[in-house]
Structure formats: C-alpha cells, structure tokens
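Working notes, beginning with the structure itself.
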Amino acid sequence: MYDRPTLTELVASVRDFIERTAMPKLEGHAAFHARVAVNALGIALRQLEQAPEAEAEELARLRALLGRDGNLEELNRELCARIRAGELGLATPGLAEHLRATTFAKLAVDQPKYASYVRALAARASDTSR
Amino acid sequence: MEAALAAAVRRGIDGVVEIRGLRRLSGGASQETWSFDATVSGATLPLILRRRPGGAADAPPQSVALPLETEAELLCAAATAGVPVPRVRVVLEPSDALGSGFVMDRLEGETIARRILRDDAFAAVRPRLARQCGEILARIHAMRVEGLPKLPFADAAAQLVNYRAVFDSFGRPHPVFELAFRWLADHLPEPAPATFVHGDFRNGNLLIAPDEGVRGVLDWEIAHVGDPMEDLGWICVNSWRFGAALPVGGFGTREDLFAGYEAAGGCKVDPHRVHLWEILGTLKWGIMCMMQYSVFERGIDRSVERGAIGRRSSETEIDLLELLL
Chain A
10 MYDRPTLTEL
20 VASVRDFIER
30 TAMPKLEGHA
40 AFHARVAVNA
50 LGIALRQLEQ
60 APEAEAEELA
70 RLRALLGRDG
80 NLEELNRELC
90 ARIRAGELGL
100 ATPGLAEHLR
110 ATTFAKLAVD
120 QPKYASYVRA
130 LAARASDTSR
Chain B
65 MEAALAAAVR
75 RGIDGVVEIR
85 GLRRLSGGAS
95 QETWSFDATV
105 SGATLPLILR
115 RRPGGAADAP
125 PQSVALPLET
135 EAELLCAAAT
145 AGVPVPRVRV
155 VLEPSDALGS
165 GFVMDRLEGE
175 TIARRILRDD
185 AFAAVRPRLA
195 RQCGEILARI
205 HAMRVEGLPK
215 LPFADAAAQL
225 VNYRAVFDSF
235 GRPHPVFELA
245 FRWLADHLPE
255 PAPATFVHGD
265 FRNGNLLIAP
275 DEGVRGVLDW
285 EIAHVGDPME
295 DLGWICVNSW
305 RFGAALPVGG
315 FGTREDLFAG
325 YEAAGGCKVD
335 PHRVHLWEIL
345 GTLKWGIMCM
355 MQYSVFERGI
365 DRSVERGAIG
375 RRSSETEIDL
385 LELLL
C-alpha cells in the first residue's frame, strides 16, 4: 500500500505540466517531442485505468479458447504457436472474436482516435443495438 | 561544414559564388536532410543535401536502406525514364569529408500528407492524384533492371521470410500478426516477372504542387527488384491514408490508380494481387513499428518519439483484422 498521490495522479500532473507550462515555451523539435511526450503519458494513463479489466477479460477468453490455465504471456505464446502451425485459424470458433476484442482493447489505450478503430467501434455498436 | 559543402557544390554546378541559409530539416541519428541555397551569377538555386555523416558504415542496424550513392544513381535513371524527380547535382566524394550523400534540387511543393489531404489549396488537384500515381508507377516499372546498379531481389515470398526473421528476433507474441503471416503463406502469388520496384511509393514521399500534382517522387532508399504490384498495394495501406477515407493515399480510388497504370503502359492489374500486397504492406508497417521500438530498447535512441512508435503497431493489427475477417 503506497501513499498518495496515486500513480494516476502523479502521471496526470506531469502530463499537465508538460502540456500547459513547458510546451508553450518550447520551439521546433523540442516542442514536437513535448507533444509526443504528452501523448505517451496519455497512453500510460489509459493503460493504468483500463488494463486490469481488459487483461482479465483477455485472460478469460484465452483460457476458454485454449482449454487450459496459464498467465497472459504463456497463453498468448501458445496461441501464436498454434496459429502459426495452422491448428487454429479463422474457422476456429471464438478466435476471430477474441482477436477483435483484444485489438480493440489495445487501440483503446494506444490510439483511441485512430480512424479505422473509431469506424470499427461505431460499426460494432450498431451491430449490438440491432 | 559550409565551406566543404560549397566546394563540393562547385564541382557539380558552374559559377557558384556562395551558399547560404544552410539548415537541417529532419532525419534520424544516422541520416540527415539539409536545405540551402546556392548563389549562381546573381540567381538563387534552391538545393537539398541528403547525407550520412559517417558514410555507409553509419547506416542504422537492421536497415535495408541502399547506399545514398545508389539512390542518386536511381534518381538519375528515373529522370531519364520520365519519372518526376528532383535533379541530382553532385554526389559527395570521400575527399569532401562530408560523409556519403548527394545534393539535389529543392522543388516547390508539399510532402506532408495531412496538408495534401486537408488544405483547400490541394482540393482541385486531389481527384487527379490517384490516376497520376498510376501513370508514374507504370514509368517506374518500365525502368530496365539491367541498366541500374545492383539491387536486392525481394518478391512476396522473400519479404515474408525476411520479415518473419525480424519479427521472430523480437520474441514478442502478436496473434494478429501470426494470423496475417499464415494467411499470406497460404495465399502467396505466382512469381511475377522481375521488375524494378520503388518500395516506398506512398502519400508522404510524394512532393505535390497545388496546380500540377505530383512533381517529385522521393525516398528511393528501399528500391529493389520484385513484383510491380507491391507498389500499387503499398500506396493503399491504411496507414498512408492518414485518417481520410479514400483507399489510394487518402486521396483517390483504386479504379483511377489502376486505369492510370494501364493507360501509361503498365501491365494489366490483378486486383487480388494488389490486395495481397496491401495486407503484406500493412503487416510490414506493423513490424517496422516494432523495429523502431527495438532501436529504443537497445539504447541506440532513447527518445520518447522512438519509443512511442512501438505502440503504433496495434494500428496495423486493427487494419489487418479489417482486411482478413
């Protein structure tokens, strides 16, 4: 149990400092790198918030798909090996849905404004509301 | 550096009085792009220097980039073939003590894809670009391999092997990439007639003017011999649409690209083959993002920019799923 501030509060305060105080004073390449730094801390904040639930769901799907227990890394390696060997593929029930859900969770952290993610998300929402 | 550059420029251009306004534009740790002007009998000649300060030995690890001297030769050959390119003025020599590289004309125009796709100045020319790209690619693919410097051969099968090895060396599990590798291995096309391929013909490497369209095809450093359909697929990869909807570079349709290609003497386009290259191109860009992270991981460049690119490989995963599912 660590003391306050929380990790989220710390990272958010650094991001806000760079964005609001430091960046306006920078020019050229340094200003560009500051923008990249702000975006990187955005990824960190979203991962802090979303990873526990997203990884728990990914693990549950992997266990169901592979029919065995293990941690995320082990099961992902096994999934890769079995896709590579041709034992699992798009015809495997649940595989396409698992890959889609896992990729959506990654984009929600890495790049939530990426155009094809936004489009795919909208298509999925209209599918489920039907 | 300025005096050495002025001396080198005098070798290729008669009557240079002085050079001015030398400034670094961009580039990574090993490759640099500089802008400057040469004064020639009262007139000003806008120029670009591309160089590797440490010469060929300074090429980044895992790089497939051609030596800059070879790139200069390709630019000259492309100009002869009727491809719009900046004119090469001087190729650096060891005695110049500037590393390896060359000086070329600095053309007026825009290379930043987002401006080409969104600025009003380009609204009139945008609908013409896809057809123009097809015409230019037909001329590039007509360049005879025999007359060019020795280039690596890399068709779809060879690239799949190369990228598999790079991907495996990272040791990171990516189920979507595995699916794409598997799909590609199962759908490999018949070998194509060995053709000169640009390799990075895309929005961002095309210098575009609001009136005439494509004025210069840039970045010939990963040119190779292979399947001509690679170049048609690569310009359709979603990453080069920069958020715009149209498939060719965000500015045009496949129909226009293919029509321009065939009208300018290119072979009959097989859309399935182009589609395969779009999938392979998307996978390659995903692995290139991992390569950028690897440069960060190994401590060669610890900048936040270099590291963060690793998180862009997930963009290509969603694009691959869109293409495969």
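Protein chains in written order, with this note's numbering: chain A, 10 to 139; chain B, 65 to 389.
The C-beta atom is built at its ideal place from N, Cα and C for all residues, glycine as well.
Shown here, Ser105/B sits in coil according to DSSP, grouped into three states, outside any helix or strand.
Straight through space, the alpha carbons of Trp304/B and Arg153/B are spaced by roughly 30 Å. The segment 330 to 348 of chain B makes contact with the segment 235 to 251 of chain B: 3 or more CB pairs, one atom from each, lie closer than 8 Å.
Interface flag for Asp78/A against chain B is unset, since no Cβ pair is found closer than 7 Å. By DSSP's assignment, Ser90/B forms a beta bridge with Thr97/B. Counting the other Cβ atoms within 10 Å of the Cβ of Ala220/B gives 16 or more, which makes it buried. By the neighbour-count definition (other C-beta atoms within 10 Å, threshold 16), Tyr227/B is a buried residue.
Nearest neighbour of Glu379/B by Cα position, chosen from Ser138/A, Thr137/A, Val127/A and Asp136/A, turns out to be Val127/A.
For the 7 Å CB-CB criterion, Gly263/B and Ala287/B form a contact.
Contact annotation: Arg266/B and Ile299/B have beta-carbon atoms nearer than 7 Å. Shown here for Phe234/B: same chain residues with a beta carbon closer than 6 Å to its own, the five before and five after excluded, namely Met354 in chain order. Put simply, the segment 111 to 118 of chain B touches the segment 162 to 180 of chain B. At least three CB pairs are less than 8 Å apart. Of all residues in the segment 162 to 178 of chain B, none is placed with a Cβ closer than 7 Å to any Cβ belonging to chain A. Interface flag for Pro311/B against chain A is unset, since no Cβ pair is found closer than 7 Å. From the listed residues Glu174/B, Gly280/B and Pro292/B, the smallest Cα separation to Glu254/B is found for Pro292/B. Secondary structure remark: continuous alpha helix (DSSP H) runs of at least 4 residues inside the segment 266 to 308 of chain B, in chain order: 293 to 298. Glu294/B is classed as buried because its beta carbon has at least 16 other beta carbons within 10 Å across all chains shown. Identification of residues in the segment 299 to 326 of chain B having a C-beta nearer than 9 Å to some C-beta of chain A yields Asn302, Arg305, Phe306, Gly307, Ala308 and Ala309, given in sequence order. At a Cβ-Cβ threshold of 7 Å, Val167/B and Leu130/B do not count as neighbours.
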